[in-house]
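Student:
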Amino acid sequence: MSTQDAGMVIVGAGEAGARAAMALREHGYTGTVTLIGEERHLPYERPPLSKAAMTSVAEPTAAFILDEERLTANRIGHISGVRATSIDRIGHTVQLDNDRRVPYAKLLIATGARPRKIAIPGAGSENVLYLRNFSDALAMRARLQPGIRLVVIGGGFIGLEIAASAIARGCSVIVVEMAPRILGRAVPAEIAAVVADHHARAGVTLIVGVGLTAIERDGTDEIVVLADGRRLVCDAIIAGVGAIPECGLAEIAGLTVENGVRVNAQLVTDDPDILAAGDCCSFPHPIFDGRRLRLEAWRNAQDQGNHAARSMLGAMEAYDRVPWFWSDQHDQTLQIAGLPDEGDTAVVRDLGGAPMYFHLKAGRLVGASAVGPIGKVARDIRLAEMLIQKRARPDPVLLADPTVKLKSLLPTEPVAA
Amino acid sequence: MTNWIDACAPDDIDEEDVIRFDHGTVSLALYRLEDDRFFATDGFCTHEQVHLSNGLVMGKIIECPKHNGRFDVTTGEAKGAPVCVNLKTYPVKVESGRVFVDLG
Numbered sequence: 000m001s002t003q004d005a006g007m008v009i010v011g012a013g014e015a016g017a018r019a020a021m022a023l024r025e026h027g028y029t030g031t032v033t034l035i036g037e038e039r040h041l042p043y044e045r046p047p048l049s050k051a052a053m054t055s056v057a058e059p060t061a062a063f064i065l066d067e068e069r070l071t072a073n074r075i076g077h078i079s080g081v082r083a084t085s086i087d088r089i090g091h092t093v094q095l096d097n098d099r100r101v102p103y104a105k106l107l108i109a110t111g112a113r114p115r116k117i118a119i120p121g122a123g124s125e126n127v128l129y130l131r132n133f134s135d136a137l138a139m140r141a142r143l144q145p146g147i148r149l150v151v152i153g154g155g156f157i158g159l160e161i162a163a164s165a166i167a168r169g170c171s172v173i174v175v176e177m178a179p180r181i182l183g184r185a186v187p188a189e190i191a192a193v194v195a196d197h198h199a200r201a202g203v204t205l206i207v208g209v210g211l212t213a214i215e216r217d218g219t220d221e222i223v224v225l226a227d228g229r230r231l232v233c234d235a236i237i238a239g240v241g242a243i244p245e246c247g248l249a250e251i252a253g254l255t256v257e258n259g260v261r262v263n264a265q266l267v268t269d270d271p272d273i274l275a276a277g278d279c280c281s282f283p284h285p286i287f288d289g290r291r292l293r294l295e296a297w298r299n300a301q302d303q304g305n306h307a308a309r310s311m312l313g314a315m316e317a318y319d320r321v322p323w324f325w326s327d328q329h330d331q332t333l334q335i336a337g338l339p340d341e342g343d344t345a346v347v348r349d350l351g352g353a354p355m356y357f358h359l360k361a362g363r364l365v366g367a368s369a370v371g372p373i374g375k376v377a378r379d380i381r382l383a384e385m386l387i388q389k390r391a392r393p394d395p396v397l398l399a400d401p402t403v404k405l406k407s408l409l410p411t412e413p414v415a416a
Numbered sequence: 000m001t002n003w004i005d006a007c008a009p010d011d012i013d014e015e016d017v018i019r020f021d022h023g024t025v026s027l028a029l030y031r032l033e034d035d036r037f038f039a040t041d042g043f044c045t046h047e048q049v050h051l052s053n054g055l056v057m058g059k060i061i062e063c064p065k066h067n068g069r070f071d072v073t074t075g076e077a078k079g080a081p082v083c084v085n086l087k088t089y090p091v092k093v094e095s096g097r098v099f100v101d102l103g
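In the order they appear, the protein sequences are chains U and P.
Heads up: the first sequence is residues 0 to 416, going by numbering that gives the first Met the number 0.
Heads up: the second sequence is residues 0 to 103, going by numbering that gives the first Met the number 0.
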C-alpha cells in the first residue's frame, strides 16, 4: 500500500464537488486534487436545467462552473465519465468502474441526489420523463413542443418550474399534486396560494389533493388515471416527486446513512478521512438546535463544498450557513431563508404587492419567505437571512411594518443563543 | 475622453444603497456608501446577468440578488464564487447638487 501520491479526492462533480475542488486551492492546498464525475461534461450548474435550458430560443449550452482553463490553472484533475464503485477505507483508495484505483488522503462524497421514480402501473413508459442532468434537460426540451399535452406529476419546485417552462413553450400543462396544496411545508400556505395563482393565470391547470392510480397507453396517447377516476390524456408525463440521496458509495463503505450520508457539524462522516457535502448529506444545523437537515439546494451545495474543503484541510468549524433557496416560475421569484416550518408564529409584511412572511420560534426569527418580482423580494430575504444567522429576536410589529427598514433591525453584534 | 452624464440627485440614493441608471445602451448600478461616497459599476452581474440594483449593499460590497455573487463597488473586484469576472467601474463626481457619471 502506497499513499505517497494520495491527495484530496472528490467524488461527484456537481456544484458541491466542483466548489470544493476550487476551495481547496483558494485555501492554499498545494497537493493533488482529483474531481471524479460520472457525466462526460465539465462541471456545470443545474439550476438552469428546469428554466433557461427549457425556454431559451437557441439550443442551450451547459453553464460551466469550471472550464478546461480553470481546471488546468488550478491543477484540478478531472476524471469524467466514470463512476466510483467502492472505497477501501483501510487502503485509502477509491475504486472506479474503469478499473482505476485512486489513492486519497481525504475523500469528499458529493454525489447529490437522483429523482424519485413514480411507482404505479404504466410508470415505466418511455413517455414518463425525469430531470436530473443536462442530457435529461435536452431530451425534455425536445419533447416540449408547442401544442404538446403535458402532465406534470408533483407540485414541488421542480414540477412547478418545468410547468412554467412548458407553458412558455406553448404546451398545455396540467400539474397533479397529491397533497392538499402545492409546495408542501416548504412555504406558508399564503405564499403557495400566490404561486398557484400565477400558474393559473399563465394557463397551467393545477389539480391538488388527488393521487394517481395508473398510467395507461391508448395508441400514441398516455392517460394519467387519477384516484378520483379522472383520466388525463396527454403526450408526455414529467415526474418531479422528490429526490433520493445518492448514498450507494457510502453504504458499501459501511458509513452511516440515514436520509443521506450522516456527517457531523464539520461535514465529516464516521470515518475521519471521509466527508460528505451537498444534496447527499445529512448534517446537524447549529442554528436550529442541531436539527438534522438534508437540503436539496444550489447554495447549500456551494457553501458545503467550500466548507468541506476547509474541513479537509483541518479546520474545525461547524457549518452554520442559513439555508437559502430560490425558485423562478413565470416572471416571479420565490425566495426562502431559514426554515419556515420551524416557526410557531408568522408575521406578514407587504413588499409593495409582494407578500413576505417571517416565521418566529419563541420570539427568534427562524425563517422567511416571499414571492414576487426579484427586485421586491431579494433584498429583504437576504436581510432576513442575516437576521436568522445572528439569531435575532426582532420585534414582530417592526417586522410587519414596511416603512421600517429590515437593515435597521440587524444587531451590530451576534446575539447570544 | 470624458463624457460626464448627469445621473441623479445625491438623495435619490439612500445611504448604503444602490439604484439602477440607464443611459443609451448602458445600464449601470450607482451606489452611495455610508460615508457618502458615490460609485458606479456595470449594472449586470457578471455571473448570470441579473441586475445588481436589486441587490444588497453592505459596507462597500454589493451582493447580487440571485446568487449572492459579491463585488467591491469601489473597484469592481469580484469577491469569490460564484462570480469570477470583475465589474467594470465608472468615475463618479458630485457637483452642484448632482451626481455625474463619466461614461467615457
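For every residue, glycine included, the Cβ atom is placed at its ideal position computed from N, Cα and C.
Between the Cα of A136 (chain U) and the Cα atoms of U:E58, U:Y103, U:D96, which residue gives the shortest distance?
Tutor: It is U:E58.
Student: Under 8 Å Cβ to Cβ from V414 (chain U), same chain only, skipping five residues before and after it: list those, please.
Tutor: Caution applies to V414 (chain U), whose pLDDT of 49 falls short of 50 and renders its modelled position unreliable; the value that the coordinates give is listed next. The answer, listed in chain order, is K389, R390, A391, R392.
Student: So, helix, strand or coil for K406 (chain U), using DSSP?
Tutor: Helix, per DSSP.
Student: Assuming F133 (chain U) is part of the alpha helix (DSSP H), what are its boundary residues?
Tutor: 133–142 is the span of the alpha helix (DSSP H), which, as asked, contains F133 (chain U).
Student: May I ask which residues mark the beginning and end of the beta strand (DSSP E) holding M355 (chain U)?
Tutor: That run of the beta strand (DSSP E) goes 354–360.
Student: Just grab the DSSP bridge partners of C417 (chain U) for me.
Tutor: Nothing in the structure corresponds to residue 417 (chain U), since chain U is present only between 0 and 416.
Student: Suppose you measure from the CA of A264 (chain U) to the CA of A308 (chain U); what does that come to, to the nearest Å?
Tutor: Taking the straight line from one Cα to the other gives about 14 Å.
Student: Give, in chain order, every residue of the segment 360–383 of chain U whose Cβ lies closer than 8 Å to some Cβ of chain P.
Tutor: Residues passing the 8 Å Cβ filter: I373, G374, A377, R378, R381, L382.
Student: Counting only Cβ pairs nearer than 9 Å, list the residues of chain U close to G54 (chain P).
Tutor: Going along chain U in sequence order, the residues near G54 (chain P) (Cβ under 9 Å) are A377, R378, R381.
Student: Hey, A300 (chain U) and G277 (chain U) are a contact pair by Cβ (cut 8 Å); roughly how many whole angstroms apart?
Tutor: The Cβ separation is near 4 Å, so the contact holds.
Student: Inspect the beta-carbon positions of L408 (chain U) and L386 (chain U) and report whether they are closer than 8 Å.
Tutor: In this structure, L386 (chain U) lies closer than 8 Å to L408 (chain U) by Cβ.
Student: Helix, strand or coil: which one does DSSP assign to G76 (chain U)?
Tutor: G76 (chain U) falls in the strand class under three-state DSSP.
Student: Since V82 (chain P) is in the beta strand (DSSP E), which residue starts that stretch and which ends it?
Tutor: V82 (chain P) -> no beta strand (DSSP E), and no H or E assigned at all.
Student: Counting only beta-carbon atoms, is K65 (chain P) nearer than 8 Å to chain U?
Tutor: Taking Cβ atoms only, chain U reaches closer than 8 Å to K65 (chain P), which makes this a yes.
Student: Out of curiosity, what's the CA-to-CA distance linking S49 (chain U) and I157 (chain U)?
Tutor: Those two C-alpha atoms are separated by around 7 Å.
Student: Enumerate, from N- to C-terminal direction, the unbroken alpha helix (DSSP H) stretches of 4 or more residues contained entirely within the segment 13–64 of chain P.
Tutor: Those alpha helix (DSSP H) runs which fall completely within the segment 13–64 of chain P and span 4+ residues do not exist here.
Student: Which residues in the same chain have their Cβ closer than 8 Å to the Cβ of S1 (chain U), if we skip the five residues on either side of it in sequence?
Tutor: At S1 (chain U), the pLDDT of 43 sits below 50, so the modelled position is not reliable; the number obtained from the coordinates is stated separately. P102.
Student: With a threshold of 8 Å between beta carbons, is M7 (chain U) in contact with chain P?
Tutor: No, M7 (chain U) lies away from the interface with chain P (no Cβ there is under 8 Å from its Cβ).
Student: Whose C-beta lies closer than 7 Å to the C-beta of R180 (chain U) among residues of the same chain, with five residues either side of it excluded?
Tutor: Contacts found: A188, A191, V207.
Student: Taking Cβ-Cβ distances shorter than 7 Å, what residues in chain U pair up with A77 (chain P)?
Tutor: Chain U residues near A77 (chain P): none, gap ~13 Å exceeds 7 Å.
Student: In three-state DSSP terms, what is I273 (chain U)?
Tutor: The answer is strand: DSSP assigns I273 (chain U) an E or B state.
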